[in-house]
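Be aware that the sequence shown starts at 787, since it is given in the working numbering, and climbs by one per residue.
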Amino acid sequence: MKTLLEDMDKQIAEERNKKRYRLLDKRTTTMISLFGEIKVKRNYYRDREKGEYVYLLDRSLEFEGTGSFSPLIEEAALELAITGPSYRKAEHTLETLLGYRVISHEAIRQHLLQIESIPKE
């Protein structure tokens, strides 16, 4: 998984708009995934148009940064919380499935509060 993510970051670096994104250096982050904690070195850029600093890999993965959960873990936790009886049950179910503590019940609740609902037609 680590190699795959670092290869993706390399490809993004080669294909990026080099006039807009200036490569500054590589930095390490830790991602909590279905495989456990993964430390990944990824490129850090300066966006010349917006004047901000970004990780293009994080943007492409919709990853929120250090200590955050992979989108798959977050989606699984939220699905368990929504369909199950409680946040704690969702926490314990993920822990049972993966063999290690992934996310706390409070973190699940906080993530769920941040989601915007989409009205049905």
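Glycine included, each C-beta is placed from N, C-alpha and C at the ideal position. Only a predicted model underlies this, so the values are computations on that prediction, with no experimental measurement involved.
How about residue i and residue j: are their beta carbons less than 9 angstroms apart?
| i | j | result |
| --- | --- | --- |
| Leu842 | Asp811 | no |
| Glu860 | His897 | yes |
| Tyr807 | Arg834 | yes |
| Val826 | Glu792 | yes |
| Ala862 | Leu847 | no |
| Val884 | Leu790 | Residue identity differs from the one stated: residue 884 is Leu in this sequence, not Val. The answer is no: Cβ separation not under 9 angstroms. |
If contacts are defined as beta-carbon pairs under 8 angstroms, then residue i and residue j qualify, I think. What distance do you get, rounded to the angstrom?
| i | j | result |
| --- | --- | --- |
| Arg813 | Tyr831 | That pair is no contact at about 11 angstroms. |
Have a look at the options and flag the residue whose alpha-carbon is nearest the alpha-carbon of residue i.
| i | options | result |
| --- | --- | --- |
| Glu823 | Gln900, Ile889, Ile894 | Ile889 |
| Tyr900 | Leu858, Leu864, Thr789 | Looking at the sequence itself, residue 900 is Gln, so the reference to Tyr does not match. Comparing Cα positions, the closest option is Leu864. |
| Arg887 | Ile818, Lys836, Asn803 | Ile818 |
Between residue i and the rest of its own chain, which residues show a CB-CB distance below 7 angstroms, the 5 nearest in sequence each way excluded?
| i | result |
| --- | --- |
| Arg867 | A quick correction: the sequence has Ala, not Arg, at residue 867. Once the five neighbours on either side are set aside, the close Cβ partners of Ala867 are Tyr873, Ala876, Ile894, Leu898. |
Identify every residue that forms a DSSP beta bridge with residue i.
| i | result |
| --- | --- |
| Ser819 | Gly822 |
For residue i, which residues from the same chain have a beta carbon less than 8 angstroms from its beta carbon, with the 5 sequence-adjacent residues on both sides left out?
| i | result |
| --- | --- |
| Ile798 | Asn829, Leu842, Leu843, Ser846 |
| Lys805 | Arg834 |
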